[in-house]
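**Q** The structure that follows is given in the form of structure tokens.
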Amino acid sequence: MPQETRGVSDTVRLQPDGTVGSSRPAPPAPPAPPTAGPAQADPSAAAEPPAPTATTDGADPEQAASVDQPTDTPPTGDAQETQQTGDVQRPADGGQPVDTPQAGDTQVIGPPVEGDRSPAPEQSPATGAPAPVAETVSADSPTASSTQVIGSPVETTAEDTAVVTRVDTPGPAPDRAPGGGAHPSSTDGVSSPTGPSGPGGPPPVDPADGGTGSGGEGDSGPLWRRRSVLVPAAVLLALGVLYGADLALAGGDVPRGTVVGGVDVGGLSTAAAAQRLEGDLAPKVAADHPVVADDVTGVLHPASAGITLDVPATVDAVDDQPLNPWTRLTTLFSDRDVDAVLTADETALGAQLDQLAATVDRAPVDATITLDGTEPSLVEPVDGRSLDREGAAEAITATLAAGGAVDQPIELPVDVTEVQVEAEEAARVLEETVTPALSAPVTVVGPDGAESVEIPVTAIAASLTFTPQDDGTLAVAVDPAALQTQMDEAFGVFGSPAQDARFEVSGDTIAVVPSVDGQGINPTQLALELLPVLTEPAPRTVTGVLGPVPASLTTEQAQALGITEKVSSFTTQFTNQASGTNIRVVAEEVDGALVRPGETFSLNGYTGPRGTAQGYVPAAVISGGELSQAVGGGISQFATTMFNAVFFAGLEDVYHKPHSFYISRYPAGREATVYEGQIDLEWRNDTDTGIYVQTEWTPSSLTVTFWGTKYYDIESISSERRNIREPAVQEKVDEGNCTPQSGARGFDITVTRVFRDLETDAELRREDFDTRYAAEAIIQCVAPPEPPADPAAVDPATGGTTPTSPPATPPATPTPAPAG
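Shown next, in the form of structure tokens:
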């Protein structure tokens, strides 16, 4: 009868009585009383099964019995017997040998149970192999033709099993024994039967196999032939081919989807990309751009600031093909925005920002009281602000690199400083103090009552001061100096005012003019006595204390300052008449300034406002890298002259700022600029003696001389000019406000101040001043473009008429905010 094919999940179990039963484990048999029998097998046989014994072709056929019973019919009577000869199993009835089990079928062989063990097979004298053992196929066995190869008995419980995993590929041809017999393949002495799935269920899954253990056709076979592996591998291979082809086709071109500053250069060659950037993006970068900081607007001139598009560097930054597969995929559906690479002259850009900051920066204004004559009014508080120069530079370069529109203002960051005194506090002071103080005059009476002087409301108003306090209050006081100025002649009835000591220069010498003490009312004491009565109703009277009034600077104090000789002197020349007027005004204000030891001199602080009310006039200034006009122009010449006097006097340079562009009438690296409220010149008298400042003005020159005590011989050493920068060329439409400029090269220079001993000329120390000048742009004024032709105009020769309305005019070019 043909044998039914066995499935991969068939398993059989060797029962304790020697029969082959179901794959379901049977409960262990109760221990039987020991019986006499052959000696126990060596326990080591469980670890190493004996090798199968070869069978010769001359074996006695009667030693095996054939089984001709169908596999689906339960056996009747005694179980069929089989004999094992070597590795070949034959039926007990002498029929043909049962087919060799297929590789991959799993047989679970249980060891014999002690107490119910079959007698040990007899050993063959010739080979030492065990004698054939008869076994009975139980009714639970899936097929009667399945054969079992029984190894050495294992000393263990009836539950122990040995698992042999099925292999679906055909095994190698069986080895032939010397006698011509075939050895069936076996593992650990166990041969798996063939046939359909048995009651034992599916075999265990080997994790290394990577499969599910199912007998499905798509997942069977070697790992590399399974559908679950082939399909993903094919997809990955196809994607890899597409990726390689895409990368190869792109070659040396700019990656697709690349947009630089709003200009699409994706897919272009590097040469074509450079040409497109030069034509489309470079003009946008070089064009003037409006800027706004808070409520202040201005104009940025990129060419004057040294900002240009670096086309080669930009192309080099974008021409590399991205290797990330996801990045390459996304460029099929979206653009890759890249900022352009710009070059900028930090000094030139900083100069434009300084000019803009002059109109943006402001100190916080606390709420206070202002007096217009005798009319008080409340000043609302205003927060202070200052241009964030570093943030502004970043905003400008970022906008230009991104290709920002030329008509879209660039927003610049501003730092805000809050006020200390709010409006409520100022309103309280106005109501409780100022209004009553200005309601009536105050009478000052002498000690004997014989003399009296009335302080008018105008003098009271002029002497009132309002000082913000850290706690948010507004303090009110009377200024003695202002009161003395207002009442100078009137207080003469009580005596004579004091006169301070002063210095007088004659040729190359300087002398002290002695002080003169006064007699009468002391202004400082009177101011303290006057303040409390200002809130009282009229009539108001205060009694003055008469006595000597000492000078603020006595003769002894002036002589102790050690101002005895000329320390340094410096002269500059000028030709502009308007600038010369402003230089004369500031020179007159500073002449006679006395700087005591340890004090710091501030030019802006000493002169105060420099407007038309103080006698200053419009003159040439540099605004945003271009020449323009502003009130107070030319003061930088005074600052440069004074800075050189400081330099050669060996005094401490606290702060000075060189011009952004080199001006040939000044010594390179030894000059300074100022702007009211923004850019100052500050120096400190770090000696033990005083400094007296003398200024001399002529229509073509200015001289600043320092008098005091000389401590050093100063030598100035200038380095070679290095890092030469050529000026940019800029065309500007001349609408009546264009001033041509010839331009100037930019460069770096270092000036070294050498301090030498007066007696030995030995070098004491050195100090370096590093200066970086930006290239001043060459500005060419060009005529405005011709008005565009009216598209509605028709040639009269064709029968049409020419409209009489004038053509539209081009918009005016915005002008930069003036700066000093």
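The numbering of the sequence shown is this note's numbering, which starts it at 175 and goes up by one.
All C-beta atoms in this analysis are idealised placements derived from N, C-alpha and C, irrespective of residue type, glycine included.
Identify every residue that forms a DSSP beta bridge with tyrosine 947.
**A** On the sequence shown, position 773 is the one that residue 947 refers to. In DSSP, tyrosine 947 forms a bridge with Phe921.
**Q** Which residue's Cα is closest to the Cα of aspartate 682: Gly772, Val650, Gln868 and Ala794?
**A** Along the sequence shown, one-based indexing puts residue 682 at 508. Here the closest residue by C-alpha is Gln868.
**Q** Please return the same chain residues whose Cβ sits closer than 6 Å to the Cβ of arginine 899, not counting the five positions on each side in sequence.
**A** For the purposes of this step, residue 899 is taken as the residue at position 725 of the sequence shown. So the qualifying residues of the chain are Gly920 and Ala949.
**Q** Along the beta strand (DSSP E) that carries valine 791, what are the first and last residues, could you check?
**A** By 1-based counting over the sequence shown, the position of residue 791 is 617. No beta strand (DSSP E) contains valine 791, which DSSP labels as neither H nor E.
**Q** Which residue wins for smallest C-alpha separation from glycine 772, given the options Ser874, Ile891 and Gly864?
**A** The sequence position of residue 772 within the sequence shown is 598, counting from 1. Ranking the options by Cα distance to glycine 772, first place goes to Gly864.
**Q** Where do the ends of the beta strand (DSSP E) carrying proline 841 lie?
**A** Here residue 841 refers to the residue found at position 667 of the sequence shown. Neither: proline 841 is in no beta strand (DSSP E) and is coded neither H nor E.
**Q** Check the C-beta distance from valine 619 over to serine 626 and give it rounded, since I have them as a contact under 8 Å.
**A** In the sequence shown, the residue the question calls residue 619 occupies position 445. In the sequence shown, the residue the question calls residue 626 occupies position 452. Going by Cβ atoms, the distance from valine 619 to serine 626 rounds to 5 Å, so yes, they are a contact pair.
**Q** Less than 8 Å between the C-beta atoms of alanine 479 and leucine 523, yes or no?
**A** Along the sequence shown, one-based indexing puts residue 479 at 305. Along the sequence shown, one-based indexing puts residue 523 at 349. Yes; because the gap between Cβ atoms is below 8 Å, this pair is in contact.
**Q** Output the boundary residues of the alpha helix (DSSP H) element that contains glutamine 733.
**A** As a working mapping, residue 733 is identified with position 559 in the sequence shown. Element bounds for glutamine 733: 729-734.
**Q** Helix, strand or coil: which one does DSSP assign to glutamine 954?
**A** The residue labelled residue 954 in the question sits at position 780 within the sequence shown. The answer is strand: DSSP assigns glutamine 954 an E or B state.
**Q** Going by beta carbon distance, what residues of the same chain come within less than 8 Å of aspartate 509, once the five residues before and after it are set aside?
**A** The count along the sequence shown starts at 1 and reaches residue 509 at position 335. These residues qualify, in order along the chain: Gly431, Thr432, Val433, Asp438 and Gly440.
**Q** Since glycine 694 and phenylalanine 668 should fall inside the 8 Å C-beta cutoff, what is the C-beta to C-beta distance between them, to a whole number of angstroms?
**A** For the purposes of this step, residue 694 is identified with residue 520 of the sequence shown, where counting begins at 1. For the purposes of this step, residue 668 is identified with residue 494 of the sequence shown, where counting begins at 1. The Cβ separation is near 4 Å, so the contact holds.
**Q** Whose C-beta lies closer than 6 Å to the C-beta of valine 903 among residues of the same chain, with five residues either side of it excluded?
**A** For the purposes of this step, residue 903 is taken as the residue at position 729 of the sequence shown. Correct list, in chain order: Ile952.
**Q** Give the straight-line distance between the Cα atoms of tyrosine 829 and proline 429, rounded to the nearest whole angstrom.
**A** The count along the sequence shown starts at 1 and reaches residue 829 at position 655. The count along the sequence shown starts at 1 and reaches residue 429 at position 255. Their backbone Cα atoms lie some 51 Å apart in a straight line.
**Q** Count the other CB atoms within 10 Å of the CB of aspartate 644; is the residue buried (16 or more) or exposed (fewer)?
**A** Locating residue 644 in the sequence shown gives position 470, counting from the first residue. It counts as exposed.
**Q** Are the stretch 445-456 and the stretch 464-474 in contact at 8 Å, needing three or more beta carbon pairs?
**A** No contact exists between the stretch 445-456 and the stretch 464-474.
**Q** I'd like to confirm the pairing. Which residues does DSSP put opposite alanine 467 in its beta bridges?
**A** Here residue 467 refers to the residue found at position 293 when the sequence shown is read from its first residue. According to DSSP, alanine 467 bridges with Val470.
**Q** Check this for me: beta carbons of threonine 542 and valine 553, under 8 Å apart or not?
**A** Position 368 of the sequence shown, counted from the first residue, corresponds to residue 542. Position 379 of the sequence shown, counted from the first residue, corresponds to residue 553. Yes, Cβ-Cβ distance for threonine 542 and valine 553 is below 8 Å.
**Q** Candidates Gln954, Ser875, Val650 and Thr945: which alpha carbon is nearest glutamine 915's?
**A** As a first step, residue 915 must be located in the sequence shown, where it is residue number 741. Minimum Cα distance to glutamine 915 is reached at Gln954.
**Q** At what residue ranges does the stretch 526-590 contain a whole run of the beta strand (DSSP E), taking only runs of 3 or more?
**A** 542-546, 549-553 and 558-561
**Q** Would you check if the distance between the CB atom of glutamate 856 and the CB atom of arginine 784 is smaller than 8 Å?
**A** Counting from 1 along the sequence shown, the entry for residue 856 is found at position 682. Counting from 1 along the sequence shown, the entry for residue 784 is found at position 610. Against a cut-off of 8 Å, the Cβ pair of arginine 784 and glutamate 856 comes out as no contact.
**Q** Just the C-alpha distance for valine 473 and alanine 460, rounded to the nearest angstrom, thanks.
**A** In the sequence shown, counting from the first residue as 1, residue 473 sits at position 299. In the sequence shown, counting from the first residue as 1, residue 460 sits at position 286. Looking at the two C-alpha atoms, the distance is approximately 13 Å.
**Q** Can aspartate 908 and threonine 924 be called in contact, C-beta distance under 8 Å?
**A** Counting from one through the sequence shown, the residue named residue 908 turns up at place 734. Counting from one through the sequence shown, the residue named residue 924 turns up at place 750. In this structure, threonine 924 does not lie closer than 8 Å to aspartate 908 by Cβ.
**Q** Is arginine 602 helix, strand or coil when you go by DSSP?
**A** Sequence index remark: in the sequence shown, residue 602 carries index 428 (1-based). Arginine 602 falls in the helix class under three-state DSSP.
**Q** Can you give me the Cβ contacts of valine 679 inside the same chain, cut-off strictly under 6 Å, excluding the 5 residues immediately before and after it?
**A** Position 505 of the sequence shown holds residue 679. These residues qualify, in order along the chain: Gln868.
**Q** So which of Thr717, Thr607, Gln733 and Glu605 has the shortest CA-CA distance to glutamate 628?
**A** Walking along the sequence shown from the start, residue 628 turns up at place 454. Ranking the options by Cα distance to glutamate 628, first place goes to Thr717.
**Q** Buried or exposed: where does asparagine 756 fall if 16 or more other Cβ atoms within 10 Å of its Cβ makes it buried?
**A** Along the sequence shown, read from residue 1 onward, the residue named residue 756 stands at position 582. It counts as buried.
**Q** Along the chain, where does the beta strand (DSSP E) containing glycine 694 start, and where does it finish?
**A** Within the sequence shown, numbered from 1, the residue matching residue 694 stands at position 520. 692-695 is the extent of the beta strand (DSSP E) around glycine 694.
**Q** Measure how close the beta-carbons of serine 753 and alanine 794 come, nearest whole angstrom, since I'm counting them as under 8 Å.
**A** Within the sequence shown, the letter at position 579 stands for residue 753. Within the sequence shown, the letter at position 620 stands for residue 794. Confirmed, Cβ separation roughly 6 Å.
**Q** Tell me, to the nearest whole angstrom, how far the beta carbon of isoleucine 888 is from that of valine 928; I am working on the premise that it is less than 8 Å.
**A** The residue given as residue 888 occupies position 714 in the sequence shown. The residue given as residue 928 occupies position 754 in the sequence shown. With 8 Å as the limit, isoleucine 888 and valine 928 qualify as a contact, their Cβ atoms being about 7 Å apart.
**Q** Does the beta-carbon of glutamine 660 have 16 or more other beta-carbons within 10 angstroms, so that it is buried, or is it exposed?
**A** The count along the sequence shown starts at 1 and reaches residue 660 at position 486. The residue is buried, with at least 16 neighbouring Cβ atoms inside 10 Å.
**Q** Of all the alpha helix (DSSP H) runs that stay within the bounds of the stretch 598-686, which reach a length of 4 or more residues?
**A** 631-637 and 654-660
**Q** Only counting the same chain, and skipping five residues up and downstream in sequence, which positions put a Cβ closer than 6 Å to that of threonine 815?
**A** For the purposes of this step, residue 815 is identified with residue 641 of the sequence shown, where counting begins at 1. Hits under 6 Å: Phe744, Thr746, Leu876 and Val878.
**Q** Quick one: using the 10 Å Cβ neighbour count with 16 as the cut-off for buried, is serine 834 buried or exposed?
**A** For the purposes of this step, residue 834 is taken as residue 660 along the sequence shown, with counting starting at 1. It is buried - the Cβ of serine 834 has at least 16 other Cβ atoms within 10 Å.
**Q** Please state whether DSSP places glutamine 699 in a helix, a strand or coil.
**A** Counted from its first residue, the sequence shown places residue 699 at position 525. DSSP places glutamine 699 in helix when its eight states are reduced to three.
**Q** With serine 637 and alanine 656 assumed to form a contact (beta carbons below 8 Å), what rounded beta-carbon distance in angstroms separates them?
**A** By one-based count along the sequence shown, residue 637 stands at place 463. By one-based count along the sequence shown, residue 656 stands at place 482. Yes, they are in contact, since the Cβ atoms of serine 637 and alanine 656 sit about 4 Å apart, within 8 Å.
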